[in-house]
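The sequence shown: position 196 = 216 (the working numbering), numbered continuously.
Here a beta-carbon is modelled for each residue, glycine too, at the ideal position from N, C-alpha and C.
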Amino acid sequence: MLDSNKQIIKERLGVDNFSEHFYFPKYVEIETVRNCNAHCIMCPLYQPGNEIETGKMDENLFSKITKELSNYSDWVNHVCLSRNGEPLFDKTLHEKIRMLKDAGMNYVTFTTNGSLLNEKRAFELVDSGLDDIRFSIDGATKKTFENIRKGLNFEKVRDNCLRFIQLRNERGEKPYVQIRFVELEENAHETDKWRDYWSDKISGRDKIVSKEYHTWGNQLDRGKESGIENPLCISPFSTLEVLFDGTIPLCGCDYKSVIDFGNVTNSTMRDIWRSEKFKQVRNMHLEDRSSEIPLCKHCDIWDLKIRTVYDNEKRERINT
């Protein structure tokens, strides 16, 4: 069991030796700001009665993180500048992207609801060196979209996205664009209409993708059936989350830092990644004991299929 699970992790990481996971995370997510102007029905942060602290990462802390990342520029695959909330609340996001690219980061991305993406911000992002931007647009009509992404205006988000694609096309190939769709009971009837509309708008290596919703580590119940009892998750072996205050939680689902591995204000990502506490979590997954961690039990987020429903590079629709 232990050896077979190690083999699975090794293959999913794409490394030659299982022990390489211990070196440094392949993927890093940095929450430079925690704030949002939407109250989405599939997001646990702004559910009624759920009090969430908002804030912005200290600029010196971000510089410290970037400096450490520069030591692993030949190892880190992706850096994502979004986690809990809307990253465009950070007015200096484009400067942070440039810092990461100057530090040698191979691929920098973030996900946005698009509502704050005016033309000035669009120009800044296109010129920042950003590799990939992901727009969350979970409906083909105003009624469906605004019922899911409460607080946002459908026409504004759609037009901001279209204008961004136009500006990007005028300036070059990057950043690549993904139009993303969370599959819900509320929008399932619009999937084809949504796909057909956006397939005519993207270009180059852009993609349209959809993904099943998840329960945020059992913290949001929308009637979803449970996954397997003891999931073997890739996250503890591949991904490090840094929240806006420097806290390192268990994973992207752990928005409340239920499991706190430490803080990069007084430590390093490397030391936290190699800590005994992190090793213990990894061992529990390898030994099929992940159900002993409440956030992990039945969680299937890392096994959900991301469906590329239209690949413009290949100019073909993909059956899913």
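Item	Value
Helix, strand or coil: how does DSSP classify residue 300 here?	helix
What are the boundary residues of the alpha helix (DSSP H) that residue 264 is part of?	Residue 264 -> no alpha helix (DSSP H), and no H or E assigned at all.
May I ask you to report which of helix, strand or coil DSSP gives residue 230?	strand
At 4 residues or longer, and completely inside the stretch 123-210: list those alpha helix (DSSP H) runs for me, N to C.	139-146, 162-168, 174-191
Specify, as a first and last residue, the run of the beta strand (DSSP E) that residue 82 falls within.	Note, residue 82: premise wrong, no beta strand (DSSP E); alpha helix (DSSP H) at 79-90.
Short of 7 Å in beta carbon distance, which residues of its chain neighbour residue 314, apart from the five on each side in sequence? Order them along the chain.	238
Alpha carbon to alpha carbon, how far is residue 214 from residue 177? Give it in angstroms, no decimals.	14 Å
Below 6 Å CB to CB, which residues in the same chain sit around residue 220 once its five sequence neighbours on both sides are set aside?	none
Tell me which same chain residues have a C-beta within less than 6 Å of the C-beta of residue 181, skipping the five on either side of it?	134, 155
Just the Cα atoms here: how many angstroms apart are residue 320 and residue 55?	26 Å
Is the separation between the beta-carbon of residue 74 and that of residue 100 shorter than 8 Å?	no
Among 216, 94, 47, whose alpha-carbon lies nearest the alpha-carbon of residue 289?	47
For residue 255, does the count of other Cβ atoms within 10 angstroms reach 16, so buried, or fall short, so exposed?	buried
Whose C-beta lies closer than 6 Å to the C-beta of residue 49 among residues of the same chain, with five residues either side of it excluded?	100, 103, 261
Quick check: residue 183 and residue 144, are their CB atoms within less than 8 Å of each other?	no
By Cβ distance below 7 Å, which residues in the same chain neighbour residue 305 in space, the five residues on each side in sequence not counted?	252, 253, 256
Thinking C-beta only, is residue 217 closer than 8 Å to residue 160?	yes
State the start and end residues of the unbroken beta strand (DSSP E) segment that holds residue 38.	Counting along the chain, residue 38 falls outside any beta strand (DSSP E), and DSSP gives it neither H nor E.
Would residue 153 pass as a contact of residue 197 if the rule is Cβ separation under 8 Å?	yes
Can you check which of these residues, 175, 173, 151, is closest to residue 193 by C-alpha distance?	151
Quick one: residues in its chain with C-beta nearer than 8 Å to the C-beta of residue 280, no 5 flanking neighbours on either side, listed in chain order?	267, 268, 269
I need the straight-line Cα distance from residue 22 to residue 29, nearest angstrom please.	11 Å
For residue 173 and residue 229, I'd like the C-alpha separation in whole angstroms.	21 Å
Secondary structure at residue 330, three-state DSSP: helix, strand or coil?	Note that residue 330 scores a pLDDT of 47, beneath 50, so its modelled location is shaky and nothing firm can be said.
Quick check on DSSP: helix, strand or coil for residue 280?	strand
When DSSP builds the beta bridges, which residues end up paired with residue 75?	54
Could you check if residue 39 is buried or exposed, using at least 16 other CB atoms within 10 Å of its CB as the buried criterion?	exposed
Compute the Euclidean distance between the alpha carbons of residue 334 and residue 31, then round it to the nearest angstrom.	With a pLDDT of only 48 at residue 334, under the threshold of 50, the placement of this residue in the model should not be trusted; the figure read from the coordinates follows. Between residue 334 and residue 31, the C-alpha separation is close to 26 Å.
Let me confirm a value: residue 188 is counted as buried when at least 16 other C-beta atoms fall within 10 Å, else exposed. Which label applies?	buried
With DSSP collapsed to three states, give me the class of residue 305.	helix
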